[in-house]
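Written below as structure tokens is the structure these notes are about.
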Amino acid sequence: MKNSQKRPGVLQGLFGVLIPGALFFISCASQKPPLAFSAYPLPAAPDYAKPECWAALPGKSVNPAERIPADLQGETLGTEVDVFFIHPTTLLGKKAKDFRWNGDVYDSVLNAKTDNTTILLQASAFNAAGKIYAPRYRQAHLQAYFTRDTATARQAFSVAYSDVKKAFQYYLEHYNKNRPFIIASHSQGTTHAKRLIKEIIDQNPRLRNKLVAAYIIGIPVEKNLFEHIPVCSDSLQTGCFCSWRTWQRGYTPDHYAIPNNVAVVNPLNWRADTTYAPASLNLGAVLTGFKKIRPGVADAQAHEGLLWVSKPKIPFAWLTRQRNFHPGDINLFYMNVRKDAKRRVGYFWKQ
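First residue of the sequence shown: 10, per the numbering used here; consecutive thereafter.
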């Protein structure tokens, strides 16, 4: 049990993302089950007219999403499209006195954790493609993915989604100005992005025609989830979506029911089939420190709803036997994602 608790820490330290996320094994058995949803006061709703309710907003004085790794200094930020980024779970508190089912968007400690991890190390991968808008939202606690109290989990996720939807609608009304956009998300962010795209974009031709692509990563996404938005089948397609979840080659989790309809797009060759992509196609990972680009750290191949990679060639990886690389879903392929988003924007304009 001690080892299982320590292993995620190595990966989180390397990738700088504090989210075990859905399907990431953590030890919860020794914790007292949290109370039902109604036992915790609901934090105040965000006001998206206030810049402080955005983790990333163009023109904001402190904006980690606009930073560029030290090895890429000299690159310019994209300005031709927008990127609406929905961050993953950073609400992980285990102490009973600190527990709450939904995060407080006015909590400076939680916000700093979000900004210095997922916004810096994930959202920034898209800043060569466009201006990034990342709302703070009353995210559901990580336990919402694991609790047997499904009614409470639904309520926690419902609150979180209501904020994401409100933020996107505010973005469309006040910031978009009829510009094309990318939807990007990871883990819990993808839980909400799936619903947002299905409810707001998929059935709206005007919005659908402005969608450059969606990168909805870290949560299973069904190939046929959307009526009009297909899985991306190559690197030049637009109006489509990419998705993957990263596990060590040769491993399928015990609890995993092999799906036939889960989309997997390989972020090294951008194909939606099982073609193997060698590590030589990996343009570079970005780890904590946000300085060095590390090319060739991992290969990739789709396998029955998962993205399999050989153990990444990154510092201290040998210290862990963890086989779920969910925290590195974006970090491992940072430069490939960066290049792909920029390329799809260019192709969108050509069309």
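Virtual Cβ for every residue (Gly too), placed ideally from N, Cα, C.
Counting only runs that start and end inside the region 62-133, the beta strand (DSSP E) elements of at least 3 residues fall at 63-65, 90-95. Per DSSP, Thr-199 lies in no beta strand (DSSP E) segment; the continuous alpha helix (DSSP H) that holds it begins and ends at 197-205. For the options Ala-143, Ala-165, Thr-88, Thr-126, the alpha carbon positioned closest to that of Pro-52 is the one of Ala-165. Three or more Cβ pairs closer than 8 Å define a contact, and the region 70-87 meets that threshold against the region 119-137. The shortest CA-to-CA distance from Lys-69 to any of Pro-144, Thr-126, Val-90 is the one to Pro-144. Beta-carbon to beta-carbon, Gly-305 and Lys-322 are separated by about 7 Å, close enough to satisfy the 8 Å threshold. Annotation: the continuous beta strand (DSSP E) that includes Gln-310 extends over 310-312.
The alpha-carbon of Lys-122 is positioned some 7 Å away from that of Thr-99. Burial check for Tyr-142: the Cβ neighbour count within 10 Å reaches 16 or more, so the residue is buried. When Cβ pairs closer than 8 Å are counted between the two stretches, the region 292-307 is seen to touch the region 333-344, the count reaching three or more. In the DSSP annotation of this structure, Leu-234 is not part of any beta strand (DSSP E), being labelled neither H nor E.
Pro-97 is positioned such that its CB atom lies no closer than 8 Å to that of Ser-167. Between Lys-300 and Asp-91, the C-beta spacing is not below 8 Å. Here Thr-261 is not near Leu-316, since their CB atoms are 8 Å or more apart. Boundaries of the beta strand (DSSP E) around Trp-256: 255-257. Annotated as proximal: Ala-350 and Ile-191, with beta-carbon spacing under 8 Å. The residue from Asn-185, Ala-223, Ala-160 with its alpha-carbon nearest to that of Ser-47 is Ala-160. Cβ contact annotation for Ser-244 (same chain, cutoff 7 Å, sequence separation greater than five): Trp-279, Asp-349, Arg-352, in chain order.
Cβ atoms of Pro-78 and Ile-225 stay farther apart than 8 Å, at about 24 Å.
Excluding residues up to 5 positions away in sequence, Ala-176, Tyr-179 lie with their Cβ nearer than 6 Å to the Cβ of Tyr-57 in the same chain. Here the alpha carbons of Glu-84 and Gln-360 stand approximately 25 Å from one another. With contacts defined as CB atoms closer than 8 Å, Asn-136 and Gly-87 qualify as a contacting pair. Per the DSSP secondary-structure output, Ser-194 pairs in a beta bridge with Ile-95, Ile-225. Scanning its chain for C-beta atoms nearer than 7 Å, with the 5 sequence neighbours on each side dropped, one finds around Tyr-356 the residues Leu-245, Thr-247, in chain order. Secondary structure note for Lys-175: its alpha helix (DSSP H) is the uninterrupted segment 159-180. At a Cβ-Cβ threshold of 8 Å, Gly-337 and Val-271 do not count as neighbours. For Trp-317, the uninterrupted beta strand (DSSP E) segment begins and ends at 315-318.
In the assembly as shown, Gly-198 is a buried residue. Its beta-carbon has 16 or more other beta-carbons within 10 Å. When DSSP states are grouped into helix, strand and coil, Asn-333 belongs to the strand group.
When beta bridges are read from the DSSP output, Phe-250 appears opposite Ala-223, Val-240. The closest CA to that of Leu-181, considering only Ala-153, Ser-242, Ile-210, is found on Ile-210. Within the same chain, Cβ atoms closer than 8 Å to the Cβ of Gly-259 are found at Trp-317, the five residues on either side in sequence being excluded.
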